[in-house]
Amino acid sequence: MHSAVLTGTGLYQPPFTITNAELVQAFNRYVDLHNARHADAIARGEQQALQHSSVEFIEKASGIQQRFVLEKSGILDPERMYPHYPQRGDDELSLMAEIAVAAAQQALAQAGRTGADVDMVLCAASNMQRAYPAMAVEIQQALGAGGYGFDMNVACSSATFALEQAVNAVRSGSSRCVLVVNPEITSAHQEWRDRDCHFIFGDVCTAILIERADTAVAAERWEVLGTRLATQFSNNIRNNFGFMNRCEDADPQARDKTFRQEGRKVFKEVVPIAAAHIEGHLAQLALQPDQVRRFWLHQANEGMNQLVIKKLVGTATADRAPLILDTFANTASAGSIIAFHQHRSDLQAGDVGVICSFGAGYSVGSVAVRKL
Numbered sequence: 086m087h088s089a090v091l092t093g094t095g096l097y098q099p100p101f102t103i104t105n106a107e108l109v110q111a112f113n114r115y116v117d118l119h120n121a122r123h124a125d126a127i128a129r130g131e132q133q134a135l136q137h138s139s140v141e142f143i144e145k146a147s148g149i150q151q152r153f154v155l156e157k158s159g160i161l162d163p164e165r166m167y168p169h170y171p172q173r174g175d176d177e178l179s180l181m182a183e184i185a186v187a188a189a190q191q192a193l194a195q196a197g198r199t200g201a202d203v204d205m206v207l208c209a210a211s212n213m214q215r216a217y218p219a220m221a222v223e224i225q226q227a228l229g230a231g232g233y234g235f236d237m238n239v240a241c242s243s244a245t246f247a248l249e250q251a252v253n254a255v256r257s258g259s260s261r262c263v264l265v266v267n268p269e270i271t272s273a274h275q276e277w278r279d280r281d282c283h284f285i286f287g288d289v290c291t292a293i294l295i296e297r298a299d300t301a302v303a304a305e306r307w308e309v310l311g312t313r314l315a316t317q318f319s320n321n322i323r324n325n326f327g328f329m330n331r332c333e334d335a336d337p338q339a340r341d342k343t344f345r346q347e348g349r350k351v352f353k354e355v356v357p358i359a360a361a362h363i364e365g366h367l368a369q370l371a372l373q374p375d376q377v378r379r380f381w382l383h384q385a386n387e388g389m390n391q392l393v394i395k396k397l398v399g400t401a402t403a404d405r406a407p408l409i410l411d412t413f414a415n416t417a418s419a420g421s422i423i424a425f426h427q428h429r430s431d432l433q434a435g436d437v438g439v440i441c442s443f444g445a446g447y448s449v450g451s452v453a454v455r456k457l
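Per the working numbering, the sequence shown starts with residue 86, numbered consecutively.
Structure, rendered in structure tokens:
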């Protein structure tokens, strides 16, 4: 068995931002138009009037202040309320592959590698742009990588679940250099017309390189101490969009065909699951939570992260568990990877950290690392 190390990370940041104020202005205009068009039905009690959102509501509920998006005008158009992406031809690089390649090139450069050094590509994200061919294989070709690639979807835990597959491949010797990319175009499956969740998501792509320790050339290396995954079925986060919709004669615009959740139930149930999972994983490695220098947690909700850390070490601080949610919003599987990408340079050799994600499924994944 070979030792596996993380040697490089990359981050693609979309060109546009939407502040809470911009988002609220567009959403409230949509609400006013909707209520005016359905005024008679609302007066008869056949429909509920939609309620305005506010900056204060968003920041209190989530801690989010803005989000990055690949396309802005469609989201802020009260007559549309979702992004507009020009359709690309089959001979053009797809949008997911394009942002994945951009993030991957950063990770490769940081690790002192080129695409030709990669012999496995995992594209892990909460939604794939198409059913087939696999996005990972397109990304593999665009980078000039060898070996093979495949797609994975475990919702917001996709990145950590992919990292375990990458680590296992390196440890077993079946791969020497594995690229994990997380292209999250969340704006396409977000329901921008729902007050309870219209502010949650942002677009981004992250990338991580995992290699054999004895052949890595990067100056910075993080030894993988262990990985741990768990799932427990729940309907509290769900999206019913899929290839069978037309066979069911389902309305493609129905509310269940985009992201939806029972937010309060998710908060209440996931926090203890995530905290217990991390504590159990550390115990397997003969470590205590207070021996962990930094936790790079899933970035869905500020209060959720604070409670997880308080359960583990008693006090939640930005140094112990850095937050990127305020700037990026919830970026699904990429959130914990962004936190690792941006908040690890100050750690010293020997410091231990945990990358952890949790989300729909329920799913929870953790990766314990030590800086070499």
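Here a beta-carbon is modelled for each residue, glycine too, at the ideal position from N, C-alpha and C. It should be emphasised that the depicted structure is a prediction, and the values quoted were computed from it without experimental measurement.
> Which runs of the beta strand (DSSP E) fall wholly inside the stretch 317-384 and span at least 3 residues, in chain order?
Replying inline: The stretch 317-384 is shown to contain whole beta strand (DSSP E) runs of 3 or more residues at 379-382, in chain order.
> Could you give the uninterrupted runs of the beta strand (DSSP E) lying entirely in the stretch 213-269, keeping only those of 3 residues or more?
Replying inline: With a minimum length of 3 residues, the continuous beta strand (DSSP E) runs that stay inside the stretch 213-269 are 233-237 and 262-269.
> Would residue 235 pass as a contact of residue 209 if the rule is Cβ separation under 7 angstroms?
Replying inline: Going by C-beta atoms, residue 235 is not nearer than 7 angstroms to residue 209.
> What residue from 412, 413, 358 and 420 has the CA that sits closest to residue 393's CA?
Replying inline: 358
> Can you tell me the Cα-Cα spacing of residue 428 and residue 300, whole angstroms?
Replying inline: Their backbone Cα atoms lie some 26 angstroms apart in a straight line.
> Looking at the unbroken beta strand (DSSP E) that takes in residue 296, where does it start and where does it end?
Replying inline: 289-297
> With distances taken between CB atoms, is the gap from residue 59 to residue 124 smaller than 7 angstroms?
Replying inline: Since the first residue shown for the chain is 86 and the last is 457, residue 59 is missing from the structure and cannot be characterised.
> Using 8 angstroms as the threshold, is the stretch 152-159 in touch with the stretch 109-116, meaning 3 or more CB pairs across them?
Replying inline: no
>> Measuring alpha carbon to alpha carbon, tell me which residue in 424, 457, 290 and 385 is nearest residue 147.
In response: 385
>> Is it buried or exposed, residue 302, if we count other Cβ atoms within 10 angstroms and call 16 or more buried?
In response: Residue 302 comes out exposed.
> Among all the DSSP beta bridges, which residues are the ones paired with residue 97?
Replying inline: The beta-bridge partner set that DSSP reports for residue 97 consists of 290.
> Between the Cα of residue 273 and the Cα atoms of 122, 181, 298 and 399, which residue gives the shortest distance?
Replying inline: 181
> Going straight from the alpha carbon of residue 379 to that of residue 438, what length do you get?
Replying inline: Looking at the two C-alpha atoms, the distance is approximately 5 angstroms.
>> Taking 7 angstroms as the threshold (C-beta atoms), are residue 289 and residue 276 in contact?
In response: The beta carbons of residue 276 and residue 289 sit no closer together than 7 angstroms.
>> Quick check: what's the CA-CA separation for residue 452 versus residue 134?
In response: 45 angstroms
> How would you call residue 426, buried or exposed, if buried means at least 16 neighbouring beta carbons within 10 angstroms?
Replying inline: buried
>> Does residue 207 pass the burial test, meaning 16 or more other C-beta atoms within 10 Å, or should it be called exposed?
In response: buried
> Pick from 448, 105, 401 and 174: whose alpha carbon is nearest that of residue 417?
Replying inline: 448
>> For the stretch 278-289 against the stretch 246-258, do three or more pairs of beta-carbon atoms, one drawn from each stretch, fall closer than 8 angstroms, so that the two count as touching?
In response: no
> Taking the alpha-carbon positions, what's the residue 92 to residue 194 distance?
Replying inline: 10 angstroms
> Ends of the alpha helix (DSSP H) at residue 284?
Replying inline: Per DSSP, residue 284 belongs to no alpha helix (DSSP H) and is neither H nor E.
>> If you follow the alpha helix (DSSP H) that residue 389 is in, where does it begin and where does it stop?
In response: 387-398
> Hey, quick one: how far does the beta strand (DSSP E) through residue 209 stretch, first residue to last?
Replying inline: 205-209
> Going straight from the alpha carbon of residue 223 to that of residue 130, what length do you get?
Replying inline: 51 angstroms
> residue 237: which of 217, 226, 227 and 231 sits nearest, CA to CA?
Replying inline: 217
> What did DSSP end up calling residue 444 once you bin it into helix, strand or coil?
Replying inline: strand
>> For residue 435, which residues in the same chain have their Cβ closer than 8 angstroms to its Cβ, ignoring the five residues on either side in sequence?
In response: 455 and 456
> For the beta strand (DSSP E) that contains residue 140, what are its first and last residues?
Replying inline: Segment 140-147 is the alpha helix (DSSP H) holding residue 140; no beta strand (DSSP E) there.
>> Could you give the first and the last residue of the continuous beta strand (DSSP E) run that contains residue 152?
In response: 151-154
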